[in-house]
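Chemist: My questions all concern the structure below.
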């Protein structure tokens with residue numbers, strides 16, 4: 001794949017993550033090959049760090065740091081020998097931004113997870129945001145902002161094999177164990193879960209197995225994976241994140257919500273893009289249909305992660321989580 005083709009494929013994901021589209025075009029327009037992606041994106045992140053140092057106000061400094069975090073994370077989307085350092089730089093930039101913009105934000109880490117808890121201490125509910133195969137907490141800052149705007153507390157996390165932990169851990173299918181430890185560390189009896197891409201499978205699986213999940217939403221999450229049909233780039237990423245090809249094949253074999261969907265008793269919103277068609281990936285419609293309180297939202301022009309269609313789903317998702325966390329639990333289906 002040429003650099004131009006790769007940049008076009010990542011366009012809505014990058015702009016959906018919040019980078020300036022004009023800056024994205026300038027950066028990607030200068031790439032000679034996909035191998036230049038990581039170094040160029042890191043340099044762009046470093047430029048935002050310098051702007052933060054020279055900023056005339058704390059707010060401007062914090063905003064530049066948030067943008068740096070986005071660019072450093074996006075640097076990891078293409079094969080890159082220094083991806084671990086880029087992810088660490090994204091993590092540091094996010095922490096620096098929150099120290100300036102939200103002094104009340106709290107770093108929370110434990111076995112297999114790290115992230116930031118943001119929002120009021122007396123929030124009516126706490127939401128855990130779960131990234132996917134090659135995403136990280138720095139990619140979904142706009143989603144976090146939408147949840148914070150509704151008065152909720154939000155814990156945006158990296159789990160095993162994700163973001164800041166990708167260089168030192170491998171992805172695991174029993175993500176519900178990790179979310180359980182997150183809930184313990186946060187000291188909350190009920191949580192909402194939002195999972196994006198493969199994180200949608202993590203979130204749905206967790207909702208079926210962890211009784212403290214009181215609300216759940218998935219965005220572009222697979223209902224099932226077929227290893228043999230997955231495109232080679234997806235298989236390569238999965239192999240890197242799980243510890244090798246054999247481990248990746250075994251991991252993909254776990255991704256099937258058929259048996260677990262009926263056990264999801266929390267209100268569930270499943271969001272899919274009609275143009276998100278990856279061979280070997282079954283969309284979320286079966287999950288929504290089989291879950292007792294499932295609702296399916298398909299946006300016809302939406303692509304993977306629906307960065308090109310945020311008005312059609314983001315407010316609705318945030319309202320779904322707020323409503324489910326602030327109302328009484330639904331009755332068990334008869």
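Numbering (the UniProt record's numbering), first residue to last: 1 to 334. The beta carbon of each residue, even a glycine, is placed where N, CA and C say it ideally should be.
1) Taking 9 Å as the cut-off, decide whether the C-beta atoms of residue 203 and residue 188 are in contact.
2) Helix, strand or coil, according to DSSP, for residue 273 in the structure here?
3) Looking only at its own chain, which residues have a Cβ that is under 8 Å from the Cβ of residue 315, when we skip the five neighbours before and after it?
4) With 16 as the cutoff for other CB atoms within 10 Å, does residue 303 come out buried or exposed?
5) Does DSSP classify residue 329 as helix, strand or coil?
6) Between which two residues does the alpha helix (DSSP H) holding residue 60 run?
7) Helix, strand or coil for residue 122 per DSSP?
8) Measuring straight from C-alpha to C-alpha, what distance separates residue 176 and residue 161?
9) Would you call the stretch 281–288 and the stretch 265–272 in contact, with 3 or more CB pairs under 8 Å?
10) Around the C-beta of residue 213, are 16 or more other C-beta atoms found within 10 angstroms, so that it is buried, or is it exposed?
11) Report the residue from 31, 110, 54, 130 whose alpha carbon sits nearest the alpha carbon of residue 185.
12) Give every residue of the same chain whose Cβ lies closer than 7 Å to the Cβ of residue 242, excluding the five residues on either side of it in the sequence, and list them in chain order.
13) I'd like to confirm the pairing. Which residues does DSSP put opposite residue 129 in its beta bridges?
14) Give the range of the beta strand (DSSP E) segment to which residue 298 is assigned.
15) DSSP beta-bridge partners for residue 256?
16) Helix, strand or coil: which one does DSSP assign to residue 214?
17) Would you call the CB atoms of residue 337 and residue 223 closer than 9 Å?
18) Under three-state DSSP, which class holds residue 334?
19) Would you check if there are 3 or more beta carbon pairs closer than 8 Å linking the stretch 125–133 to the stretch 99–106?
20) Using only the alpha-carbon positions, how far apart do residue 47 and residue 85 sit?
21) Using 10 angstroms around the beta-carbon of residue 219, count the other beta-carbons present and answer buried if the total reaches 16, otherwise exposed.
22) Specify the secondary structure class of residue 265 as computed by DSSP and reduced to three states.
23) If I follow the unbroken alpha helix (DSSP H) through residue 16, where does it start and stop?
24) Reducing DSSP to helix, strand and coil, say where residue 117 ends up.
25) When you compare each of 138, 59, 199 to residue 70 by their alpha carbons, which one comes out closest?
Modeler: Taking the definition as stated:
1) What you label residue 203 is simply residue 203 of the chain shown in a count that begins at 1. What you label residue 188 is simply residue 188 of the chain shown in a count that begins at 1. It is not a contact, given that the beta carbons lie outside the stated cut-off.
2) Counted from its first residue, the chain shown places residue 273 at position 273. Three-state result, residue 273: strand.
3) The residue given as residue 315 occupies position 315 in the chain shown. If we look at residue 315 and ignore the five residues flanking it on each side, its Cβ neighbours are 146.
4) Along the chain shown, read from residue 1 onward, the residue named residue 303 stands at position 303. Buried.
5) The residue given as residue 329 occupies position 329 in the chain shown. Low confidence applies here, because residue 329 scores a pLDDT of 47, under 50, leaving its location unreliable; read the following figure in that light. Coil, per DSSP.
6) For the purposes of this step, residue 60 is taken as residue 60 along the chain shown, with counting starting at 1. Per DSSP, residue 60 is one residue of the alpha helix (DSSP H) stretching across 58–74.
7) Residue numbering aside, residue 122 sits at position 122 when the chain shown is read from its first letter. The three-state reading of DSSP puts residue 122 in coil, since its state is none of H, G, I, E or B.
8) Position 176 of the chain shown, counted from the first residue, corresponds to residue 176. Position 161 of the chain shown, counted from the first residue, corresponds to residue 161. Roughly 15 Å between the two C-alpha positions.
9) Proximity of the stretch 281–288 to the stretch 265–272 meets the contact definition, three or more beta-carbon pairs being nearer than 8 Å.
10) As a first step, residue 213 must be located in the chain shown, where it is residue number 213. Answer is buried; the Cβ neighbour count reaches 16.
11) Translated into positions along the chain shown, residue 185 becomes position 185. Of 31, 110, 54, 130, the residue nearest in Cα terms is 110.
12) Residue mapping note: residue 242 aligns to position 242 of the chain shown, counting from 1. When the five nearest sequence neighbours on each side are left out, the beta carbons in the same chain lying within less than 7 Å of the beta carbon of residue 242 are those of 161, 170, 171, 248, 251, in order along the chain.
13) In the chain shown, counting from the first residue as 1, residue 129 sits at position 129. In the DSSP secondary-structure assignment, residue 129 is bridged to 156, 194.
14) Counting from one through the chain shown, the residue named residue 298 turns up at place 298. Counting along the chain, the beta strand (DSSP E) containing residue 298 begins and ends at 294–299.
15) Along the chain shown, read from residue 1 onward, the residue named residue 256 stands at position 256. Answer is 224, bridged to residue 256.
16) Start at 1 with the first residue of the chain shown, and residue 214 comes out as number 214. In the three-state reduction of the DSSP assignment, residue 214 falls in the strand class.
17) Because the chain spans 1 through 334 in this model, residue 337 falls outside it and cannot be assessed.
18) Walking along the chain shown from the start, residue 334 turns up at place 334. Note that residue 334 scores a pLDDT of 41, beneath 50, so its modelled location is shaky; the value from the coordinates is reported in the next line. Looking at residue 334 - three-state DSSP - the assignment turns out to be coil, as it is neither helix nor strand.
19) Contact between the stretch 125–133 and the stretch 99–106 is absent, because fewer than three Cβ pairs lie under 8 Å.
20) The residue given as residue 47 occupies position 47 in the chain shown. The residue given as residue 85 occupies position 85 in the chain shown. Answer to the nearest angstrom: the Cα atoms are 16 Å apart.
21) For the purposes of this step, residue 219 is taken as residue 219 along the chain shown, with counting starting at 1. Flag for residue 219 reads buried.
22) Position 265 of the chain shown, counted from the first residue, corresponds to residue 265. Coil, per DSSP.
23) The sequence position of residue 16 within the chain shown is 16, counting from 1. Element bounds for residue 16: 11–16.
24) One-based indexing of the chain shown puts residue 117 at position 117. Residue state, collapsed to three classes: strand.
25) Within the chain shown, residue 70 is the residue found at index 70, counting from 1. Closest option to residue 70, Cα to Cα, is 138.
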